[in-house]
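Peer 1: This is the structure I want to talk about, given as structure tokens.
In the numbering used here, the protein residues as written are 520 to 852.
Set out below in structure tokens:
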């Protein structure tokens, strides 16, 4: 049984690390099987944490491409209520909000495949520009890199240094992008910087490390320019992030557990609507999972085929599920 295999690997990691392990995995597949970090996981984490007898050291096994900016701060604050030492184990992707959660850890365990990313956020408001190619689709998202890239181009490449000319350039920008959308980007960017700083301050307590916080936040929030940029463990270490290279046995254990989730969530597989047929008109897959040796939580997306009008292709109906919890029996744990 897949669950029992994952539990065995969780226990293996706990023995290797001398910690209690909670896994948090969200699907990186395209819609309709994509999931992001969201505030509804906080209550689930609490159930796991409150079931631990003693846990001076907790590790979060993390795979996610990001989500709600507030989730990392809330989760890290909750985790700190139950441990003195917090670790984050990254087998592969921990992007955006997942990178922010890692910043709240005393140590980030990374292997050769592990990657972090910039933490700048994209904003979508009613004031965003419409999608030029597809007007009926959601409006174009704007990121802080887009705005900063515009002014970097004006200053560094075109050579506009005069303040009056920069103000004129800003005026041209506001003719294309609504001022309230630009304001929303600024607020989101300021919040990201604030939360990243506070997450690092949770454990960067000596004077030397405190001085590094501003530089780390600058790099992750502003200076990498491209949201899809990936940061290897070596580069992360050079930035001053508390990265530890995984020992070979820990890295192998992390990857074995990740491959279990990769299979369970079918990560990396494109969705083929042809897989839904009259004989199998429904597809149900987990899109996010939280597990420890005490509980297994998952949320599923269900895709159903609905008969359309004669001569028309079938309709696909997406049903978002609710979190479901399975308690682990004493024998299994």
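All residues carry an ideal CB built from backbone N, CA and C; glycine is no exception.
Residue 607 and residue 579: beta carbons closer than 9 Å?
Peer 2: The answer is yes: Cβ separation under 9 Å.
Peer 1: So for residue 585, helix, strand or coil by DSSP?
Peer 2: Reduced to three states, the DSSP call for residue 585 is coil.
Peer 1: Do residue 809 and residue 567 count as a contact pair if the criterion is CB distance below 9 Å?
Peer 2: The answer is yes: Cβ separation under 9 Å.
Peer 1: Considering Cα atoms alone, identify which of 836, 807 and 747 is closest to residue 582.
Peer 2: The shortest C-alpha separation from residue 582 is found at 807.
Peer 1: Thinking residue 701 and residue 666 are a contact (beta carbons under 8 Å), I'd like their distance in whole angstroms, please.
Peer 2: 7 Å between Cβ atoms; contact.
Peer 1: Could you tell me which of 551, 774, 525 and 623 sits nearest to residue 819, measuring between CA atoms?
Peer 2: The candidate whose alpha carbon is nearest that of residue 819 is 551.
Peer 1: Using the three-state DSSP reduction, which class does residue 668 fall into: helix, strand or coil?
Peer 2: If DSSP states are grouped into helix, strand and coil, residue 668 belongs with the helices.
Peer 1: What is the DSSP secondary structure of residue 567, reduced to helix, strand or coil?
Peer 2: Reduced to three states, the DSSP call for residue 567 is helix.
Peer 1: Distance check for residue 682 and residue 787, CA to CA, integer angstroms please.
Peer 2: If you take the alpha carbons of residue 787 and residue 682, they lie about 48 Å apart.
Peer 1: Considering only their Cβ atoms, is the gap separating residue 635 from residue 711 smaller than 9 Å?
Peer 2: No, they are not a contact pair.
Peer 1: Distance check for residue 649 and residue 523, CA to CA, integer angstroms please.
Peer 2: Approximately 48 Å between the Cα atoms of the pair.
Peer 1: Output the distance between the C-alpha atoms of residue 706 and residue 663, rounded to the nearest integer angstrom.
Peer 2: Roughly 10 Å separates the two Cα atoms.
Peer 1: What are the start and end residues of the alpha helix (DSSP H) that includes residue 693?
Peer 2: Start and end: 682–695.
Peer 1: How do the stretch 532–539 and the stretch 771–785 stand: do at least 3 beta-carbon pairs fall below 8 Å, yes or no?
Peer 2: Counting Cβ pairs under 8 Å, three or more are found: they touch.
Peer 1: Give me the Cα-Cα distance between residue 684 and residue 690, rounded to the nearest whole angstrom.
Peer 2: Distance between the alpha carbons of residue 684 and residue 690: 10 Å.
Peer 1: Please state the DSSP three-state secondary structure of residue 853.
Peer 2: In the structure displayed, the chain extends from 520 to 852; residue 853 sits before or after that span and is not available.
Peer 1: Would you please state the rounded distance, in angstroms, between the beta carbons of residue 605 and residue 565? I believe it to be under 8 Å.
Peer 2: So it is not a contact: roughly 15 Å between Cβ atoms.
Peer 1: Would residue 760 and residue 627 qualify as a contact pair, given that the criterion is a beta-carbon distance under 9 Å?
Peer 2: In contact: residue 760 and residue 627 (Cβ atoms closer than 9 Å).
Peer 1: Go ahead and pull the three-state DSSP assignment for residue 524.
Peer 2: Residue state, collapsed to three classes: helix.
Peer 1: Which partner residues of residue 576 appear in the DSSP bridge assignment?
Peer 2: In the DSSP output, where bridge partners are listed per residue, residue 576 has 604.
Peer 1: Would you mind stating whether residue 486 and residue 590 have Cβ atoms separated by less than 9 Å?
Peer 2: Past the boundaries of the shown model lies residue 486; the chain is included only from 520 to 852, so the question cannot be answered.
Peer 1: Where does residue 816 fall in DSSP's three states?
Peer 2: Note: residue 816 maps to strand in three-state DSSP.
Peer 1: Identify which residue in 620, 840 and 614 has its Cα closest to the Cα of residue 718.
Peer 2: Residue 620 is the option with its Cα nearest to residue 718.
Peer 1: Classify residue 609: buried if its beta carbon has 16 or more other beta carbons within 10 angstroms, exposed otherwise.
Peer 2: So residue 609 counts as buried.
Peer 1: Let me know the beta strand (DSSP E) ranges lying completely inside the stretch 688–739, each 3 residues or longer, listed in chain order.
Peer 2: Listed in chain order, nothing qualifies, since the stretch 688–739 has no complete beta strand (DSSP E) run of 3 or more residues.
Peer 1: Give the secondary structure of residue 766 by DSSP, where H, G and I count as helix, E and B as strand, and everything else as coil.
Peer 2: In the structure shown, residue 766 sits in coil (DSSP, three-state: anything other than H, G, I, E or B).
Peer 1: Report yes if the CB atom of residue 555 is closer than 9 Å to the CB atom of residue 616, and no otherwise.
Peer 2: Against a cut-off of 9 Å, the Cβ pair of residue 616 and residue 555 comes out as a contact.
Peer 1: Terminal residues of the continuous beta strand (DSSP E) containing residue 622?
Peer 2: First-last for residue 622: 616–622, but that is the alpha helix (DSSP H), not the beta strand (DSSP E).
Peer 1: My output table needs one value for residue 836: the three-state DSSP class, helix, strand or coil.
Peer 2: Correct three-state label for residue 836: strand.
Peer 1: If distances are taken between C-alpha atoms only, which option among 536, 526 and 546 comes closest to residue 805?
Peer 2: When each option's Cα is compared against that of residue 805, the closest is 546.
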